[in-house]
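Residue numbers (my numbering): 338 to 442. Beta carbons are placed, not taken as given, at the ideal position from N, Cα and C, and that holds for glycine.
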């Protein structure tokens, strides 16, 4: 086998070529990292948008729940008054019958 002597110039050329190759690789890695960063930023924006939507829905749901509570309270009051009114009506009917009985007796 022939052994070739490597000169300093040869080493310099190989080193420069190696550096160029490393630069290309680093550029590729940097590009991929930039793309990854952009994807992460996009995902963060989407998550933030979803959080905002859910927060708004939560506010709407809380408002609707409060409205339902007020409606339920109103219905319970109506039922209560309805029962009281029915009792009063029955009482008035009894008084009327007694009065009619006295008048027509």
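- request: Look up residue 344 in the DSSP assignment and say whether it is helix, strand or coil.
  value: coil
message: Can you look up residue 438 in the DSSP assignment and give me helix, strand or coil?
response: Helix.
message: For residue 451 and residue 429, I'd like the C-alpha separation in whole angstroms.
response: Absent from the structure is residue 451, since the part of the chain shown begins at 338 and ends at 442.
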